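First to last, the sequence lines map onto chains U and Z.
Under this note's numbering, the residues of the first sequence are numbered 1 to 114, in order.
Under this note's numbering, the residues of the second sequence are numbered 1001 to 1109, in order.
Glycine included, every Cβ here is placed at the ideal spot set by N, Cα and C.
Here the structure is a predicted model, which means the values were calculated and not measured.
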Amino acid sequence: KAGVTQTPRYLIKTRGQQVTLSCSPISGHRSVSWYQQTPGQGLQFLFEYFSETQRNKGNFPGRFSGRQFSNSRSEMNVSTLELGDSALYLCASSLRASLNTEAFFGQGTRLTVV
Amino acid sequence: TQLLEQSPQFLSIQEGENLTVYCNSSSVFSSLQWYRQEPGEGPVLLVTVVTGGEVKKLKRLTFQFGDARKDSSLHITAAQPGDTGLYLCAGEGGNQFYFGTGTSLTVIP
Chain U
1 KAGVTQTPRY
11 LIKTRGQQVT
21 LSCSPISGHR
31 SVSWYQQTPG
41 QGLQFLFEYF
51 SETQRNKGNF
61 PGRFSGRQFS
71 NSRSEMNVST
81 LELGDSALYL
91 CASSLRASLN
101 TEAFFGQGTR
111 LTVV
Chain Z
1001 TQLLEQSPQF
1011 LSIQEGENLT
1021 VYCNSSSVFS
1031 SLQWYRQEPG
1041 EGPVLLVTVV
1051 TGGEVKKLKR
1061 LTFQFGDARK
1071 DSSLHITAAQ
1081 PGDTGLYLCA
1091 GEGGNQFYFG
1101 TGTSLTVIP
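The structure is reproduced here in structure tokens:
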């Protein structure tokens, strides 16, 4: 079966712009989580959505937001981009809402802010 | 604040050698997971350990969960070049999912 698909794979944006990243989970998975990965901070949890509702949220500023649609696809939006937002953004899908449920990751979107 | 500290941060060994990666925390976790991430890919789950003192084996990989459920270790026997990657431990705490600082392993043929 198809894995988790993230689009686009690569993105270059300018400071102050906004960006929207997309994640299509594995068919039948209703939970989608987003993570930011940087060399300095490692993998950090952004938020988790289940059945269109945000269930858990990490310690990121309000510039980072997300949503989930009725087909479980999810989008993440970052407004007023800063240089420090350059990172690999990963999404993961799982069957259930528990954060400990086996999660399947996409290949990520590499965002570069210049 | 890093809830999960991994050591070593980098490891470069020859094929056939054994190695151990550690994941330590001052917090208690109901379970811990281990992932491996290869360049250009997302992390892939290797194992979940849930019981204090639990030992799980996956071919040449042995995972152990500490008795107090605050730490875990991953031991690889007779490492192979295919084991090269970033190893991450992860656990749930306070409605967040925390990943460890990571151990980058390189196995030289």
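Review point. Under the three-state reduction of DSSP, which class applies to Z:D1067: helix, strand or coil?
Key: coil
Review point. Taking the beta strand (DSSP E) that Z:Q1014 falls in, what are its first and last residues?
Key: 1010-1014
Point to revise | Within the segment 32-88 of chain U, ranges of the alpha helix (DSSP H) (whole runs, at least 4 residues) | key: none
Review point. Can we say the segment 1089-1100 of chain Z touches the segment 42-50 of chain U, given the rule of at least three CB pairs closer than 8 Å?
Key: yes
Practice item. Taking Z:F1063 and Z:V1047 to be in contact with their CB atoms under 8 Å, please state how far apart those CB atoms are, rounded to whole angstroms. Key: 5 Å
**Study point:** Rounded separation between U:N77 and U:R63 - CA only
**Key:** 8 Å
Review point. Which chain U residues are close to Z:Q1096, counting only those with a beta carbon under 7 Å from its beta carbon?
Key: F45, N56, G58
Practice item. Assess, as a yes-or-no matter, whether the segment 1053-1073 of chain Z is touched by the segment 12-29 of chain U under the definition of 3 or more beta carbon pairs within less than 8 Å. Key: no
Check your understanding: Between U:T109 and U:R9, which are expected to be in contact by the criterion C-beta below 8 Å, what is the C-beta distance as a whole number of angstroms?
Key -> 6 Å
Check your understanding: Leaving out the 5 sequence neighbours to the left and right, which residues in its chain are closer than 7 Å to Z:L1003 when beta-carbon positions are compared?
Key -> S1025, S1027, G1093, Y1098
Check your understanding: By Cβ distance below 6 Å, which residues in the same chain neighbour U:E48 in space, the five residues on each side in sequence not counted?
Key -> S33, R55, N56
Review point. Is U:R96 buried or exposed, if buried means 16 or more other CB atoms sit within 10 Å of its CB?
Key: exposed
Check your understanding: For Z:G1091, which three-state DSSP category applies?
Key -> strand
Point to revise | Z:Q1037 - containing beta strand (DSSP E), residue span | key: 1032-1037
Check your understanding: Relative to the alpha-carbon of U:F69, which residue among U:R30, U:L11, U:C91 has its alpha-carbon at the smallest distance?
Key -> U:R30
Practice item. Return the chain-ordered list of same chain residues with a C-beta closer than 6 Å to the C-beta of Z:T1077, the five sequence neighbours on each side being excluded. Key: N1018, R1060
Point to revise | Inter-residue Cα distance where the pair is U:S27 and U:T5 | key: 11 Å
Point to revise | For Z:Q1006: DSSP bridge partner residues | key: Z:C1023
Review point. Where Z:R1069 and Z:V1049 are concerned, what is the direct C-alpha to C-alpha distance, given to the nearest angstrom?
Key: 9 Å
Review point. What did DSSP end up calling Z:A1082 once you bin it into helix, strand or coil?
Key: At residue 1082 of chain Z the sequence reads Gly, which differs from the Ala that was named. In the structure shown, Z:G1082 sits in a helix (DSSP, three-state: H, G or I).
Check your understanding: Where do the N-terminal and C-terminal ends of the beta strand (DSSP E) with Z:L1058 fall, by residue?
Key -> 1055-1058
Check your understanding: Can you round the beta-carbon distance between Z:L1011 and Z:G1091 to whole angstroms, since I take them to be within the 8 Å contact cut?
Key -> The Cβ separation is near 21 Å, so there is no contact.
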